[in-house]
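Student:
2 protein chains.
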Amino acid sequence: MSRRRVTTKDIAEASGFSRGTVDRALNNRGQIKEETRKLILNKAQELGYEPNRLARTLASQPHFEIVAVFPSEPPSFFDEIQEGMKVAEEEYKDFGVRLSYYRTITHDVPKQVEYLHRILDPMVEDQPSGILMAPAHSFLLDPLIARAAAEGIPVITFNTDAPMSKRLFYVGQNSVVAGRVAADLLGRFVGGSGQIVMLTGFSEVLPLRERLDGFRNQIKEYFPAISLMGPYEYLDNESIAYKMAKKLIHDIPELKGMYITSGIGLKGVAKAAKETDHRHRAKIVGFDLDDEVRQMLKDDVVQATICQEPFDQGYFAVKLMFRYLTEGFAPDSQELYTQSSIILRGNATESMGERSRHHLGRAIF
Amino acid sequence: MSRRRVTTKDIAEASGFSRGTVDRALNNRGQIKEETRKLILNKAQELGYEPNRLARTLASQPHFEIVAVFPSEPPSFFDEIQEGMKVAEEEYKDFGVRLSYYRTITHDVPKQVEYLHRILDPMVEDQPSGILMAPAHSFLLDPLIARAAAEGIPVITFNTDAPMSKRLFYVGQNSVVAGRVAADLLGRFVGGSGQIVMLTGFSEVLPLRERLDGFRNQIKEYFPAISLMGPYEYLDNESIAYKMAKKLIHDIPELKGMYITSGIGLKGVAKAAKETDHRHRAKIVGFDLDDEVRQMLKDDVVQATICQEPFDQGYFAVKLMFRYLTEGFAPDSQELYTQSSIILRGNATESMGERSRHHLGRAIF
DNA sequence: CTGAAAGCGCTTACAG
DNA sequence: CTGAAAGCGCTTACAG
Numbered sequence: 031m032s033r034r035r036v037t038t039k040d041i042a043e044a045s046g047f048s049r050g051t052v053d054r055a056l057n058n059r060g061q062i063k064e065e066t067r068k069l070i071l072n073k074a075q076e077l078g079y080e081p082n083r084l085a086r087t088l089a090s091q092p093h094f095e096i097v098a099v100f101p102s103e104p105p106s107f108f109d110e111i112q113e114g115m116k117v118a119e120e121e122y123k124d125f126g127v128r129l130s131y132y133r134t135i136t137h138d139v140p141k142q143v144e145y146l147h148r149i150l151d152p153m154v155e156d157q158p159s160g161i162l163m164a165p166a167h168s169f170l171l172d173p174l175i176a177r178a179a180a181e182g183i184p185v186i187t188f189n190t191d192a193p194m195s196k197r198l199f200y201v202g203q204n205s206v207v208a209g210r211v212a213a214d215l216l217g218r219f220v221g222g223s224g225q226i227v228m229l230t231g232f233s234e235v236l237p238l239r240e241r242l243d244g245f246r247n248q249i250k251e252y253f254p255a256i257s258l259m260g261p262y263e264y265l266d267n268e269s270i271a272y273k274m275a276k277k278l279i280h281d282i283p284e285l286k287g288m289y290i291t292s293g294i295g296l297k298g299v300a301k302a303a304k305e306t307d308h309r310h311r312a313k314i315v316g317f318d319l320d321d322e323v324r325q326m327l328k329d330d331v332v333q334a335t336i337c338q339e340p341f342d343q344g345y346f347a348v349k350l351m352f353r354y355l356t357e358g359f360a361p362d363s364q365e366l367y368t369q370s371s372i373i374l375r376g377n378a379t380e381s382m383g384e385r386s387r388h389h390l391g392r393a394i395f
Numbered sequence: 031m032s033r034r035r036v037t038t039k040d041i042a043e044a045s046g047f048s049r050g051t052v053d054r055a056l057n058n059r060g061q062i063k064e065e066t067r068k069l070i071l072n073k074a075q076e077l078g079y080e081p082n083r084l085a086r087t088l089a090s091q092p093h094f095e096i097v098a099v100f101p102s103e104p105p106s107f108f109d110e111i112q113e114g115m116k117v118a119e120e121e122y123k124d125f126g127v128r129l130s131y132y133r134t135i136t137h138d139v140p141k142q143v144e145y146l147h148r149i150l151d152p153m154v155e156d157q158p159s160g161i162l163m164a165p166a167h168s169f170l171l172d173p174l175i176a177r178a179a180a181e182g183i184p185v186i187t188f189n190t191d192a193p194m195s196k197r198l199f200y201v202g203q204n205s206v207v208a209g210r211v212a213a214d215l216l217g218r219f220v221g222g223s224g225q226i227v228m229l230t231g232f233s234e235v236l237p238l239r240e241r242l243d244g245f246r247n248q249i250k251e252y253f254p255a256i257s258l259m260g261p262y263e264y265l266d267n268e269s270i271a272y273k274m275a276k277k278l279i280h281d282i283p284e285l286k287g288m289y290i291t292s293g294i295g296l297k298g299v300a301k302a303a304k305e306t307d308h309r310h311r312a313k314i315v316g317f318d319l320d321d322e323v324r325q326m327l328k329d330d331v332v333q334a335t336i337c338q339e340p341f342d343q344g345y346f347a348v349k350l351m352f353r354y355l356t357e358g359f360a361p362d363s364q365e366l367y368t369q370s371s372i373i374l375r376g377n378a379t380e381s382m383g384e385r386s387r388h389h390l391g392r393a394i395f
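Here the protein sequences come in this chain order: A and B.
31 is the number of the first residue of the first sequence in our numbering; add one for each residue after it.
31 is the number of the first residue of the second sequence in our numbering; add one for each residue after it.
#1: Within the same chain, show all residues whose beta-carbon is closer than 8 Å to that of A:Asp138, passing over the 5 residues directly before and after it, in chain order.
#2: For B:Leu374, does the count of other Cβ atoms within 10 angstroms reach 16, so buried, or fall short, so exposed?
#3: Assuming B:Lys286 is part of the beta strand (DSSP E), what are its boundary residues?
#4: Please confirm if the stretch 201 to 220 of chain A is in contact with the stretch 231 to 248 of chain A, defined as three or more CB-CB distances below 8 Å between the two stretches.
#5: From B:Phe108 to A:Ala360, what does the alpha carbon distance come to, in whole angstroms?
#6: Quick check: the stretch 252 to 266 of chain A against the stretch 218 to 232 of chain A, are at least 3 beta-carbon pairs closer than 8 Å?
#7: By the three-class DSSP mapping on this structure, what secondary structure does B:Ile186 have?
#8: Got a sec: is the Cβ-Cβ distance from A:Met382 to anything in chain B below 7 Å?
#9: Less than 7 Å between CB atoms is the rule here; does A:Phe219 satisfy it with respect to chain B?
#10: Taking the straight line between their C-alpha atoms, what separation do you get for A:Glu251 and A:Asp329?
#11: In whole angstroms, what is the alpha-carbon distance linking A:Leu350 and B:Phe94?
#12: Count the other CB atoms, across all protein chains shown, that sit within 10 Å of the CB of A:Glu119; report buried if there are 16 or more and exposed otherwise.
#13: Under a three-way DSSP split, which group does B:Val235 fall into?
#14: Under 7 Å between the Cβ atoms of B:Ala275 and B:Val299?
#15: Can you tell which of B:Glu357, B:Thr379, B:Gly344 and B:Val331 has its C-alpha closest to the C-alpha of B:Gln369?
#16: On a Cα-Cα basis, can you pick out the residue from A:Ala213, A:Phe188, A:Thr136 and A:Glu110 that is closest to A:Glu103?
#17: May I ask you to list the residues that DSSP assigns as paired with A:Leu88?
#18: Using a Cβ-Cβ cut-off of 7 Å, state whether A:Gly376 counts as contacting chain B.
#19: A:Thr87 versus chain B: which residues are under 7 Å apart at the beta carbon?
#20: Within its chain, find whatever has a CB closer than 7 Å to the CB of B:Ser32; leave out the 5 residues flanking it on each side and keep chain order.
#21: Which one of A:Glu268, A:Asn267 and A:Ile256 has the shortest CA to CA distance from A:Gly287?
#22: Just to confirm the assignment, what range does the beta strand (DSSP E) spanning A:Ser45 have?
#23: Name the chain A residues whose beta carbon is nearer than 7 Å to that of B:Ile372?
#24: With a 10 Å radius around its C-beta and 16 neighbouring C-beta atoms as the bar for buried, classify A:Phe48 as buried or exposed.
#25: Closest to B:Glu28 by C-alpha separation, out of B:Pro184, B:Lys297, B:Glu284 and B:Ala98, would be which residue?
#26: Output, in sequence order along the chain, the residues in the stretch 119 to 145 of chain B whose CB is closer than 9 Å to any CB in chain A.
#27: Could you spell out where the beta strand (DSSP E) holding B:Glu95 opens and where it closes?
#28: Let's test the definition: count the other Cβ atoms within 10 Å of the Cβ of A:Asn189 and tell me whether it reaches 16, buried, or not, exposed.
#29: Could you tell me which chain B residues have their CB closer than 8 Å to the CB of A:Arg49, listed as they occur along the chain?
#30: Look at A:Tyr132 and A:Val185 and say whether their C-beta atoms are less than 7 Å apart.
#31: Counting only the same chain and skipping the five closest in sequence on each side, list residues whose C-beta sits under 6 Å from that of A:Pro92.
#32: Taking the alpha carbon of A:Asp342 as the point to measure from, which residue in A:Asp320, A:Leu366 and A:Met326 has its own alpha carbon closest?
#33: Would A:Ile400 and A:Ile372 be called neighbours here (beta carbons separated by less than 7 Å)?
#34: Under 9 Å between beta-carbons, which chain A residues line up against B:Tyr252? List them in chain order, please.
#35: How would you list, in chain order, the residues of chain B whose beta-carbon sits under 8 Å from the beta-carbon of A:Asp40?
#36: Would you decide whether A:Met398 is buried or exposed? Buried here means 16 or more other CB atoms lie within 10 Å of its CB.
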């Protein structure tokens, strides 16, 4: 029943050529008569040959130096991205995969530029096999991505995209859908009518803009009785978000809901809301998850948050780069969306650490 | 910088023994002087040796025959579990992994018993390396699981559990948390008060009972103004669910919400609801996802559904069995929970096929 | 254009 | 208890 798998030796014997020649045919190495190549390929097909990746790796001793460029802050988020990368690195280390991590203090364009120059400078470092990056800006890094591409170094963006660049593809959240889902939740939580205010970190940051657009369009389409205010920009600063929320809550007594496009802002807004009478509090839906936000969910100050599952983003970024490098993986779409999770009170307290410990690559919910 | 990895040859040279003896020490094969063993182990540690799994596999040519026993119906769900298994099988085939699939028409206990007898009968089949199963009953299969365990064949349950059995652990949804989340959603969707009715497939089926308990407890704890009716059992039959819902909607004009613990029932209930005036419709939250349910979400007949991500359950069941077989993987907990997804109108139409095509192991949201 | 040989890092009989 | 040799399935110089 479990017939032994077909090897290049079998093909060699069946076709009358040596294993070296079989290898040339199978892997298009040239230096082979076209006729021979075809004959061997037919034989391989006929015997149902499937290459053994382990043997290939062991024989050719490949090295894949993958460089990952991404922010450090907030660590609760980006450390977990790195966790995911490390799990993938460990899974593929015997296949020659090695990661280097270049992290910038914040979404710091000049620092990323500097790192990329260093990475691409043949005098300073060996050329990497591929670059994984969470660009600090939606197009300012495009020239450097183009330079990498021109030098034959593939770039995959993750977590945040540079859609007009020469990156292979993007791995991360679908921010538009995330915004739509937030609208479904908050729209229903407020009962389908009344005043909702939108707050955003920076209105020109791509994923935040998409979270806003998805939200706004979904509300407009399905909740005609809801009126929207904003967006107000809190410059990704918690205390600005706090003060803004304080003022909005004070100025608009009939306020029914608040939508905040990032975790920093969510925390500021929630703190402001907590200081008001809970019977008149607006419903709050935002993004991201850490222990502080978990507590706010438990306390019913925040009603829902959308979590990006950073572990997955890191894990899949590495895995997909490896697949590109070894088998030329090319997706149909330029955007590969990772799972997001909706966190409510009922699933707020599950330990998220589970995911990496179990190498499940994900938490519950 | 990228120093060559340490091999058994290095250890052999450094310790003055042969590679065969190094292998005996490293892998505890016995037939080795205790002193030699310690010496070699110390050397290995000192040099920072890490075994190369590819070389080990190539040399030892292991075979892992994994048998998977699970239902066929509904195919939209269980075919996708099988998809996930096949992706993992493909990923690990060079490591010797081979799956066989034994699927029963429904959650058919006698058929599963028959299959397990066949699988465990040394006269009929070769003993498998491990068994993956979605038990058709929460304890009736326990004796057979015990028999497998006694014969040294590890059993992992997935999708549905047999918690008192001798299975290694369970991989699948956390049904209690799923129920709690459903309560958070429906409780808020109805505005925190009024009448909600609960319908369930079978009240004694474990995961359905847990979905019910999680829901009920969450409502009682956080929505004191909501009154619950039911559960009513629709025997996992769509038309029974339909008729039940018809009658409930008719009898209770003030009905605000309906909670249904399985996909079959959700569809029946939604059809009944659709036939009523949409202005007075109860909010509906249920489980599972197929094209029909997607449409109901779009049409706002169903407001939310919780999807088990069957692809993941299959994928991780295989991956974890492989890890158990090769490295003795043993989780801290007996329950390894896979991600569930909350599907609303805003994320209902994304193609779920993405996940397997991209081998991301998951869809967006 | 093709072949023979050595090698990747391990494991597995077999001999002593 | 230990070692020498062959082998897993492939690739890589090298020779011709």
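A virtual CB, placed ideally from N, CA and C, is assigned to each residue, including glycine.
Tutor: The short version:
#1: Apart from the 5 residues on each side of it in sequence, A:Asp138 sits with its Cβ closer than 8 Å to the Cβ of Pro101 and Ala166 in its chain, given in chain order.
#2: The residue is buried, with at least 16 neighbouring Cβ atoms inside 10 Å.
#3: Leu285 to Ile290
#4: Segment contact: the stretch 201 to 220 of chain A against the stretch 231 to 248 of chain A, three or more CB-CB distances shorter than 8 Å; contact assigned.
#5: Whole-angstrom Cα-Cα distance: 28 Å.
#6: yes
#7: strand
#8: At A:Met382, the pLDDT of 45 sits below 50, so the modelled position is not reliable; the number obtained from the coordinates is stated separately. By this cut-off, A:Met382 is not an interface position.
#9: yes
#10: 31 Å
#11: When rounded, the separation of the alpha-carbon atoms in A:Leu350 and B:Phe94 is 26 Å.
#12: Using a 10 angstroms sphere on the CB of A:Glu119, the tally of other CB atoms reaches 16 or more, which defines it as buried.
#13: coil
#14: Yes, the pair counts as a contact, with Cβ atoms nearer than the cut-off.
#15: B:Gly344
#16: A:Thr136
#17: None, per the DSSP bridge assignment.
#18: yes
#19: Leu84
#20: The pLDDT assigned to B:Ser32 is 48, lower than 50, so where the model puts this residue is not dependable; a value taken from the coordinates is nonetheless given after this. Result list for B:Ser32: empty, nothing under 7 Å.
#21: A:Ile256
#22: DSSP places A:Ser45 outside any beta strand (DSSP E); the residue lies instead in the alpha helix (DSSP H), whose first and last residues are Thr38 to Ser45.
#23: Ile372
#24: Reading the sequence as shown, one finds Ser at residue 48 of chain A and not Phe. When all chains shown are included, A:Ser48 counts as exposed.
#25: Examination of residue 28 of chain B is not possible in this model, given that chain B is present from 31 through 395 alone.
#26: Lys123, Asp124, Phe125 and Arg128
#27: Phe94 to Pro101
#28: It is buried - the Cβ of A:Asn189 has at least 16 other Cβ atoms within 10 Å.
#29: The contacting residues do not exist; A:Arg49 stays about 16 Å from chain B at best.
#30: no
#31: Gly126
#32: A:Leu366
#33: Examination of residue 400 of chain A is not possible in this model, given that chain A is present from 31 through 395 alone.
#34: Asp330, Arg375 and Gly376
#35: Ordered by position in chain B, no residue passes the 8 Å Cβ test against A:Asp40, which lies about 15 Å from the chain.
#36: Residue 398 of chain A lies beyond the stretch modelled for chain A, which goes from 31 to 395, so this question has no answer here.
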